[in-house]
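Here's the structure we're looking at; comments come further down.
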Amino acid sequence: MIIPYTTDRRADTGVTNVTMGMWLFIASEVMLFGALFSAYALLSVSAIDWPSGRQFLSLPLGTVNTIVLIQVTAVAWRARQSSAIKARVLLMIGSVFALAFLGLKSLEYAHEFSAGLRPATNTFLAMYFTLTGLHALHVIAGIAANVWAIAGATRVGEAMMAGRTRALALYWVFVDIVWLIIFGLMYLL
Amino acid sequence: MRIFSTDHKVIGLQYALTSLAFLLLGFLMILMIRWHLAWPTQAMPLIGALLGESRTSGGVLLPEFYLQLGAMHGTIMVFLAVVPLAVGAFGNYLVPLMIGAPDMAFPRLNALSYWLYFVAGLVMLAGFFLPGGAAASGWTSYPPLAVIATMGQTAWLVGMFVLVLSSMLNSINMIVTILQLRAPGMTLMRMPFFIWAMLVTSFLLLLAFPPLQAAAVLQLMDRLAGTSFFMPSGLVVSGQIAKSTGGGSPILWQHLFWFLGHPEVYVLILPALGIVSEVIANITRKPIWGYRAMVGAALFMGSMSFLVWAHHMFLTGMGPTMSGFFQITTMIISIPSVIIVTALVLSLSGGSIRFTVPGLFALGFLPMFGLGGLTGLPLGLAATDIPLHDTYYVVGHFHYIVAPGTLFALFAGIYYWFPKVTGRKMHDLLGRLHFWGSLIGMNGIFLPMFIQAWAGMNRRLYDGGRTYEAFAGFDGSFRGQAWSAVFLGVVQLFFIVNLFWSLKRGARVGNNPWDATTLEWVATSPPPAHNFEGTPTVHRGPYDYSLPGAARDFTPQSER
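Going down the list, the sequences are from chains A and B. When we follow numbering that gives the first Met the number 0, the leftmost residue of the first sequence carries the number 0, and every step to the right adds one. When we follow numbering that gives the first Met the number 0, the leftmost residue of the second sequence carries the number 0, and every step to the right adds one.
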């Protein structure tokens, strides 16, 4: 069966189904993380004593990890303009960067755990572990989506693959933005 | 029919059967509650002995089990029965047909969203078999009670997380389908009002549900990782100070929950209004009055519903500025509902009304929904909400909206579109008995609630307030409600029998038995895979009934 506008744009909306679906997904995710950031704001302003993240978190590791994560997006963004074969290679490189991000993040968690820092230590750390954990789940989901697109790259045809890479690029930009907010809020402030 | 199908019609029917099963389960739970409230010290006949020692004592419900039934009745009815029936079943089955599309935009995601819903429901129900039983902290799961509750609450939270994933996928699919897959000529203002209702509903599901998901994650952390997002400092539980890392806020949960909770109300009623509009246009044989105003009202209602949530929280000690803001927005949001209902009532005037079974349910919907809506106004104003809060008045109010309101509309929809799904009509007399019986039964349950509330009867009292002198003399009304509930249950047998009997024995009908105008009636009954032979073209608006000079009193959208 052929669903209309899977790969070509509809004239009156100007987008394909896949692009519109991804934007709606991101809108929903904005509400998810928006609620969590609002909870963070509410809890921190009403707390008697709210610690700075610098007391607990490693700024160098966080900075390196930020740079690593941006590479994932940079690569996915380039893949938008490429042929299916080249996009496949770029998405593989991106997935490796994303795995590196998760590796560094695990290292950070290990440091924090060995220093006796737990979600139950204080509400700042509770928020830190919840937000970064949920963000890491999004990175894992992104890797899975990358792998899925890579696996189908030659089978689904150029147009379909281009649509998928465009959607993936949007997704990774969103994952980046969430990370930058977490980084700013927790590592820098 | 394959079980793992990606056909929107199969998925729609899967949603329908699953949600109707949940509807029955939720009803049986409340039947036990109503019986218990009428005779709180007597053994429950038939099933009292079957429930086991952990749930009953000598055939009488234990308080813990009573609270589980209450919490799970609300959860099942709202999240697993009514919304999946309205959006999952009607939306999935009808939206592609009514806009002239071959399927939903993402058929595989559609199947995934059904199966996630199915799993979420099972996980929540599994709570009943965990030590300590199912979630028992109300359908709103307020902390700190929910945080210190037994394991069933964890099942509730995990189920809710999965359910939000399911509804997110379904709503993305619905919006993309409506905006992208409309047949040539199906401009936005030619879409049936039902489609507009589904579009707004899907946006509400898409944007309002994630904060509940976030809240569920935070509550899970509180329960499993020992954090204190919602646990206040210094809380005493069973004589001991509960563990807390300081700075938690139970009110934060309420904000996150009701940020979902209020748009959810419009998720419950917008599809119902959509179905009723289709049926009313059909039974009056004339265009619905004020289609454009109704579309505008639906859009306004949808966006406004994000700004009213704290009217559920007037008792949390918010300042007068805050409560003033939310009172004003609440009064404003009543306007679009009034516009839509008024337009539907005006549509009746001058029509040659056909009193079909779906027509009866749609007509019954209007006054019942009106009663539910008008009793909501005093709850939207802090001064009157404060004494009414947590009494049976609130329960009566929202049940009038959802039970003889939304459920009547959904029943109307089932009777109306059954011929499209099966090629057969449902039995007429059984349908009429079902309607009149349900109308009497539901009013017998919910009308006394308003009177009980004037005595201040609290909505969650295990023994129906028998220990309080002020609540003496209500035995009669409680028993009336219990018998009404039993009667309502018996009447539903007419529906259940009708549904299965008509599948095999119902009178065979053509593709368009109601002489309707919208696009789904052009397809064969039942529609084949991919729905239409070739893509239909739309030439006119959705409700061209009784056009002057036309040969028949209806002109389908696909006719030039």
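Cβ atoms here follow ideal geometry from the backbone N, Cα and C, with glycine treated the same way.
Mind checking the segment 93–123 of chain B against chain A and listing, in chain order, the residues whose C-beta falls within less than 9 Å of any C-beta there? Within the segment 93–123 of chain B, contact with chain A at the beta-carbon level (separation under 9 Å) is assigned to A100, P101, D102, M103, A104, F105, P106 and L108.
Against I139(A), what residues of chain B qualify as contacts under a CB-to-CB distance less than 8 Å, listed in chain order? As a working note, residue 139(A) is residue 140 in the first sequence. None at all; the shortest Cβ gap to chain B is about 15 Å.
Helix, strand or coil: how does DSSP classify F553(B) here? As a first step, residue 553(B) is located in the second sequence; it is residue number 554 there, counting from the start. Strand, per DSSP.
Residues of the segment 2–17 of chain B with a CB closer than 8 Å to any CB of chain A: list them in chain order, please. none
Compare the C-alpha of N121(A) against each of V294(B), S227(B), S4(B) and P143(B) and name the closest. As a working note, residue 121(A) is residue 122 in the first sequence. Comparing alpha carbon positions, the residue from V294(B), S227(B), S4(B) and P143(B) closest to N121(A) is S227(B).
Terminal residues of the alpha helix (DSSP H) in which H72(B) lies: To locate residue 72(B), count along the second sequence from 1; it is residue 73. Segment P62 to T74, the alpha helix (DSSP H) holding H72(B).
Would G404(B) and I282(B) be called neighbours here (beta carbons separated by less than 9 Å)? Numbered from its first residue, the second sequence carries residue 404(B) at position 405. Numbered from its first residue, the second sequence carries residue 282(B) at position 283. Cβ atoms of G404(B) and I282(B): not closer than 9 Å.
How many whole angstroms separate the CB atoms of I287(B) and I274(B), which I take to be in contact at a CB cut-off of 8 Å? As a working mapping, residue 287(B) is identified with position 288 in the second sequence. As a working mapping, residue 274(B) is identified with position 275 in the second sequence. Not confirmed; about 12 Å, so no contact.
N172(B), DSSP secondary structure in three states: Within the second sequence, residue 172(B) is the residue found at index 173, counting from 1. Here N172(B) sits in helix by DSSP.
T164(A): contacting residues in chain B (beta-carbon distance under 7 Å): Taking the first sequence and counting its residues from 1, one reaches residue 164(A) at position 165. Here the premise fails: no neighbours, minimum Cβ distance about 17 Å.
What does V639(B) reach in chain A if we use C-beta pairs closer than 9 Å? With chain B represented from 0 up to 559, any question about residue 639(B) goes unanswered, as that position is not in the structure.
Closest by CA to G11(B), which one among T176(B), G25(B) and V94(B)? Walking along the second sequence from the start, residue 11(B) turns up at place 12. Among T176(B), G25(B) and V94(B), the Cα nearest to that of G11(B) belongs to V94(B).
On the DSSP bridge assignment, give the partners of Y170(A) in chain order. Taking the first sequence and counting its residues from 1, one reaches residue 170(A) at position 171. Its beta-bridge partners do not exist; DSSP assigns none.
At a Cβ threshold of 9 Å, is T200(B) touching chain A? Position 201 of the second sequence, counted from the start, is the residue given in the question as residue 200(B). It does not; no Cβ of chain A falls within 9 Å.
Using a Cβ-Cβ cut-off of less than 8 Å, list which residues of the segment 101–124 of chain A approach chain B; keep chain order. R117, P118, A119, T120, N121 and T122
Three-state secondary structure (DSSP) at I46(B)? Here residue 46(B) refers to the residue found at position 47 when the second sequence is read from its first residue. It is coil, neither helix nor strand.
Comparing the C-beta of F324(B) with each C-beta of chain A, is any distance below 9 Å? Within the second sequence, the letter at position 325 stands for residue 324(B). Cβ-Cβ to chain A under 9 Å: no for F324(B).
Given that M30(A) touches chain B, what residues does it touch there, using C-beta distances under 7 Å? Your numbering for residue 30(A) matches position 31 in the first sequence. Those within 7 Å of M30(A) in chain B are L206, P209 and P210.
The alpha helix (DSSP H) enclosing T12(A), as first and last residue numbers: Working through the first sequence from its first residue, we reach residue 12(A) at position 13. Segment: none, T12(A) is in no alpha helix (DSSP H) and carries neither H nor E.
Could you tell me which residues DSSP pairs with V236(B) in its beta bridges? Within the second sequence, the letter at position 237 stands for residue 236(B). Q239(B).
What does the Cβ neighbour count give for W252(B), buried or exposed, with the cut at 16 atoms within 10 Å? Within the second sequence, numbered from 1, the residue matching residue 252(B) stands at position 253. By the 10 Å Cβ count, W252(B) comes out buried.
Check the DSSP bridge columns for A133(B) and list the partner residues they point to. The count along the second sequence starts at 1 and reaches residue 133(B) at position 134. A133(B) pairs with G151(B).
Does any CB atom of chain B fall closer than 9 Å to the CB of V174(A)? In the first sequence, the residue the question calls residue 174(A) occupies position 175. Chain B contact via Cβ: absent.
Beta-carbon neighbours of L35(A), restricted to chain B and to distances below 7 Å: Within the first sequence, residue 35(A) is the residue found at index 36, counting from 1. Going along chain B in sequence order, the residues near L35(A) (Cβ under 7 Å) are A213.
Interface residues of chain B around S45(A) at Cβ under 8 Å? Along the first sequence, one-based indexing puts residue 45(A) at 46. The contacting residues are G246 and S248.
Reducing DSSP to helix, strand and coil, say where S82(A) ends up. As a first step, residue 82(A) must be located in the first sequence, where it is residue number 83. Of the three classes helix, strand and coil, the one that applies to S82(A) here is coil, per DSSP.
Given 8 Å as the limit, is there contact between the segment 15–27 of chain A and the segment 161–174 of chain A, that is, 3 or more CB pairs closer than that? Yes, since at least three Cβ pairs between the segment 15–27 of chain A and the segment 161–174 of chain A fall closer than 8 Å, the two stretches touch.
Measuring CA to CA, which of G318(B), L203(B) and V146(B) is closest to M230(B)? Here the question's residue 230(B) lines up with position 231 in the second sequence. Of the listed residues, the one whose Cα sits closest to M230(B) is V146(B).
So the candidates are A484(B), T329(B), Y415(B) and D543(B); which of them puts its Cα closest to the Cα of S524(B)? Working through the second sequence from its first residue, we reach residue 524(B) at position 525. Nearest C-alpha to S524(B): Y415(B).
Any chain B beta carbon closer than 9 Å to F182(A): Against the first sequence, residue 182(A) aligns to sequence position 183. Closer than 9 Å: no.
Along chain A, in chain order, which residues have C-beta atoms closer than 9 Å to that of F228(B)? Residue mapping note: residue 228(B) aligns to position 229 of the second sequence, counting from 1. Result: A38, L42, T122, A125, M126 and T129.
List the endpoints of the continuous alpha helix (DSSP H) containing M441(B). For the purposes of this step, residue 441(B) is identified with residue 442 of the second sequence, where counting begins at 1. First-last of the alpha helix (DSSP H) with M441(B): D427 to W453.
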